[in-house]
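FYI, in mature numbering (1 follows the signal peptide of the UniProt record, and there is no 0) the residues of the sequence shown are -15 to -1, 1 to 295.
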Amino acid sequence: MKSFVLSTLAAAATATELLIPLYQYPANNGGAWSPIEQALTANPSLTAKIIINPQNGPGGPGQGLDDPQYVAGTKALASHPNAQLLGYVHTSTDGGVTRCNRPYSEITADIRKWSAWVDAGIAIRGIFVDEAPVNSNNDCVAYMRNLTAFVRTDTASLHFATPRLLVFNPGGTGALQPYYDMQPDLIVGLETCFTVPAKAGGDYDQCPASGGYERYDHDGVGSSIDNVLFPAVGKANAARTAVLVHGFHDFNGPSANLSATGAVLTQLVQGVVQRGIGATFFNTAGYHAFTDGPASIGAVTSVLRAANGN
């Protein structure tokens, strides 16, 4: 009995979470997000960190907290005990080409706006920092260290519940150890795509034909983590690393030539969990649609829960 209990506790401690970039508008008083709610209800043992992003941040006048649709949608999501909502901010003024060049006062102002959602009764649990640095250029280490301290310790102007959650998204691998040393909950060490060809008759997202993206697991299940992610960030950081894969349709050739099927989705998710990755997400149609298969939100949550063994 003792060994069973210990193994169960160990599995729970190392369970891979879901990290959902929810960039879809919550139409119909949040009803557009009902597939996500249904997935959370059906998989109560699975923790989902959900990124809320009205307009590259908390939104301006008439957006975000001023929009009844967002208020209804976020309140409904936050009512699920296994949901943790994160507010989106970004560090760049040129779409991520230059990191940490956005005035620090602007990003802290956005974080204070996210705290205002808490004051309005919406349980934002922390911050998701997009366009986070992949190296120490542009004095990014100091920038991110100050930002981390602000989110985690400012109690005068920020009213997030504790523990305050913090996720960095550099969008790719790089010299990330200084940022792991800041102890964020997660760093998105690999955000990439599955397929190169566009889906026939559809507009699903894909890897750009010009290259520059790691076609996920194109050398076999687990290959992107083993051959690209771990050499860059180290296995010791696996539990605080997230892997996001979009464009899961068609195939990822030419080497492994895996087809985007439910069975392959299961294999890929199992590969993530077996490598101790802290959080993941797979999606077929991009971050604005969640019901398209094979990687619908319902399928991904159930496959991940099963891979976690609970």
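Heads up, the beta-carbon is just placed ideally off N, CA and C, and yes, glycines get one too.
Candidates the options: closest to residue i by CA position
i     : options                   : result
V82   : P155, L31, G294 and F113  : P155
N67   : Q162, R110 and N212       : R110
T76   : F233, C125 and G47        : C125
A(-1) : T265, H65 and G42         : T265
A227  : E22, F113 and P43         : F113
Q40   : Q69, A63 and Y10          : Y10
T177  : A27, S287, C192 and N13   : C192
Q23   : N38, P43, A61 and G49     : A61
V56   : Y164, G16, P163 and G205  : G16
P88   : A241, N123 and S64        : N123
G80   : L214, G45, A117 and F215  : A117
M167  : I282, P216, H203 and A127 : A127
A105  : S90, I5 and A63           : A63
N222  : N295, Q69, N13 and G263   : G263
Nearest-angstrom Cβ-Cβ length linking residue i and residue j, presumed shorter than 8 Å
i    : j    : result
D95  : V74  : 5 Å
V254 : F179 : V254 to F179, Cβ: 12 Å. No contact.
W18  : G47  : The pair is not a contact, with the Cβ atoms about 20 Å apart (cut-off 8 Å).
N237 : Y198 : 11 Å between Cβ atoms; not a contact.
N38  : Y8   : 5 Å
S208 : L143 : About 41 Å; that fails the 8 Å criterion.
7 Å Cβ cutoff met for residue i and residue j
i    : j    : result
I36  : L71  : yes
A291 : G261 : no
D139 : V152 : no
V103 : F145 : yes
T246 : P279 : yes
N212 : G159 : no
R130 : R149 : no
N86  : T93  : no
T286 : D277 : no
A241 : G205 : yes
F233 : P20  : no
K98  : P53  : no
H65  : L31  : no
L214 : L161 : no
N- and C-terminal bounds of the alpha helix (DSSP H) containing residue i
i    : result
E22  : S19 to A27
V230 : It is not in any alpha helix (DSSP H) - V230 instead sits in the beta strand (DSSP E) that spans T226 to H231.
C85  : Per DSSP, C85 belongs to no alpha helix (DSSP H) and is neither H nor E.
Y272 : Counting along the chain, Y272 falls outside any alpha helix (DSSP H), and DSSP gives it neither H nor E.
M129 : C125 to T138
V288 : I282 to N293
V206 : Segment: none, V206 is in no alpha helix (DSSP H) and carries neither H nor E.
T59  : P53 to A63
A217 : F215 to V218
P163 : Q162 to Y165
Span of the beta strand (DSSP E), counted from its first residue to its last, around residue i
i           : result
N154        : L150 to N154
K34         : A33 to I37
L171        : L171 to C178
residue 296 : With the chain covering -15 to 295 only, the question about residue 296 has no answer from this structure.
DSSP bridge partner residues for residue i (one or two, in chain order)
i    : result
Q69  : K34
L7   : I37
I112 : G72 and L151
R200 : C178
E2   : A264
S244 : F236
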